[in-house]
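Data first, discussion second: the structure below is written as structure tokens.
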Amino acid sequence: MKKLKQNITNIYGEKGEKWIANLPATVASLTDYWNLSQVIPVPNMTFNYVAKAILNLNQPVVLKISCDKKSSVNEKQALKNLDARGSIKLIDYNSTYNALLLQQAIPGITLKSLYPTQIDYVMDCYVSTIQKLHNKHLPKKQNYPHIADWLKALDTPTSKQIPAPVLNRAIGLRNQLLSSLKSPIFLHGDLHHDNILKHGNEWLAIDPKGVVGEAEFEIAAFDFMYIPELATAVNVKKIFAERIDLLAKKSNLDAQRIKDWVFVRLVLMAAWLIEDNGDPSWAIKLTLLLSDEDGI
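Residue numbers 7 to 302, in the numbering used here, belong to the letters of the sequence shown in order.
Here it is, written out as structure tokens:
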């Protein structure tokens with residue numbers, strides 16, 4: 007809960023403090039509303055309250071409550087659009103409390119727990135999941151954001167805290183990639199390893215954002231290296247390039263576009279962290295490690 011409280015108060019201020027203070031009563035109300043039992047919060051909450059529970063005495067579920075109505079509604083719509091094909095199933099939604107009731111993945115281990123010790127296997131599972139998720143037509147009725155909307159964050163005043171050479175390169179790549187984007191598809195939007203869980207014999211995505219873009223943007227969210235590995239690796243740029251090439255081959259996607267999107271997404275993450283009063287240093291450091299030796 008400590009990390010959740012810190013993030014929510016940093017982002018939402020007084021509104022976030024009230025939301026945190028009301029959480030016990032909110033959880034109690036939703037427990038009654040959905041006839042839940044054995045409601046146990048997960049230990050790694052970051053931006054939403056998340057708990058495992060039992061529905062109607064026999065069905066394992068997950069209760070997810072958000073401080074932000076917009077993100078909660080977006081996730082509800084994205085899950086409906088994905089229709090449990092490669093993603094976790096939406097059971098119900100409560101608009102009063104911005105709460106989602108979700109299928110619980112069992113055993114629920116993440117792809118993160120297998121990487122980088124099983125690189126090939128993780129990449130194969132990731133590609134299989136992404137192909138299921140992308141096998142959907144663009145929804146006609148819902149007005150989902152385009153990745154171009156997200157990337158406007160690079161133009162905000164707060165993004166000026168990012169080193170100018172890094173920011174300028176990201177803006178240049180963004181413009182180039184967007185202008186050459188061909189067939190837009192419906193994307194999960196945040197498909198890192200912690201957002202893919204084992205359920206029975208398959209891997210399912212959780213926490214979709216719902217955004218329109220291209221597959222290379224989606225796959226650029228793959229966790230190519232973790233922080234402990236970054237601290238000990240001799241040639242980060244070389245390892246990144248090799249792993250991107252391997253994932254591109256497995257997914258039959260454009261390796262260069264993936265590499266470029268990786269850089270842009272790192273800078274976008276830094277911009278978002280600055281906007282939310284977070285620490286962008288790790289994202290900026292990684293962009294510098296991935297940059298050319300003669301500058302950026």
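Backbone N, C-alpha and C define an ideal beta-carbon position, used for all residues, glycine too.
Status (buried if at least 16 other CB within 10 Å, exposed otherwise) for residue i
| i | result |
| --- | --- |
| residue 83 | buried |
| residue 194 | buried |
| residue 182 | exposed |
| residue 270 | buried |
| residue 214 | buried |
| residue 294 | exposed |
| residue 300 | In this prediction, residue 300 has a pLDDT of 42, which is less than 50 and means its spatial position is unreliable; what the coordinates show is noted afterwards. By the neighbour-count rule (16 or more Cβ atoms within 10 Å), residue 300 is not buried but exposed. |
| residue 27 | exposed |
| residue 49 | exposed |
| residue 219 | buried |
| residue 160 | buried |
| residue 31 | exposed |
| residue 7 | exposed |
| residue 197 | buried |
| residue 290 | buried |
| residue 171 | exposed |
| residue 25 | buried |
| residue 132 | buried |
| residue 268 | buried |
| residue 20 | exposed |
| residue 206 | exposed |
| residue 185 | exposed |
| residue 78 | buried |
| residue 286 | buried |
| residue 34 | exposed |
| residue 127 | exposed |
| residue 241 | exposed |
| residue 101 | exposed |
| residue 46 | exposed |
| residue 54 | buried |
| residue 119 | exposed |
| residue 283 | exposed |
| residue 64 | exposed |
| residue 168 | buried |
Anticipated Cβ contact below 8 Å, residue i with residue j, distance rounded
| i | j | result |
| --- | --- | --- |
| residue 17 | residue 43 | No, residue 17 and residue 43 are not in contact; Cβ-Cβ is about 32 Å, not under 8 Å. |
| residue 279 | residue 156 | Contact flag wrong, Cβ pair sits at about 14 Å. |
| residue 209 | residue 117 | 7 Å |
| residue 135 | residue 202 | 6 Å |
| residue 292 | residue 236 | 7 Å |
| residue 304 | residue 110 | One cannot answer for residue 304 here, as it falls past the ends of the chain, which runs 7 to 302. |
| residue 231 | residue 245 | 6 Å |
| residue 52 | residue 13 | 6 Å |
| residue 264 | residue 254 | 6 Å |
| residue 177 | residue 217 | So it is not a contact: roughly 19 Å between Cβ atoms. |
Residues sharing a beta bridge with residue i, DSSP
| i | result |
| --- | --- |
| residue 205 | 113 and 208 |
| residue 105 | 71 and 100 |
| residue 219 | 191 |
Cβ of residue i within 8 Å of any chain B Cβ
| i | result |
| --- | --- |
| residue 193 | Looking at the structure shown, chain B is missing, and only one protein chain is on hand. |
Quiz item: Could you give the uninterrupted runs of the alpha helix (DSSP H) lying entirely in the region 31-101, keeping only those of 4 residues or more?
Solution: Correct list: 75-88.
Quiz item: Can you give, in chain order, each stretch of the alpha helix (DSSP H) that sits fully within the region 116-197 and has at least 4 residues?
Solution: The region 116-197 contains these whole alpha helix (DSSP H) runs: 125-139, 153-156 and 170-185.
Quiz prompt | Length at least 4, wholly inside the region 235-271: the alpha helix (DSSP H) runs in chain order | solution = The region 235-271 contains, as complete alpha helix (DSSP H) runs of 4+ residues, the segments 242-257 (chain order).
Self-check item: Any 3 or more C-beta pairs closer than 8 Å across the region 254-261 and the region 207-226
Solution: Look at the beta carbons and you see the region 254-261 touching the region 207-226: at least three pairs across the two are nearer than 8 Å.
Quiz item: Between the region 68-85 and the region 103-111, are three or more C-beta pairs nearer than 8 Å?
Solution: In this structure the region 68-85 touches the region 103-111; the number of beta carbon pairs closer than 8 Å is three or more.
Self-check item: Three or more C-beta pairs below 8 Å linking the region 139-159 and the region 80-94
Solution: These segments touch.
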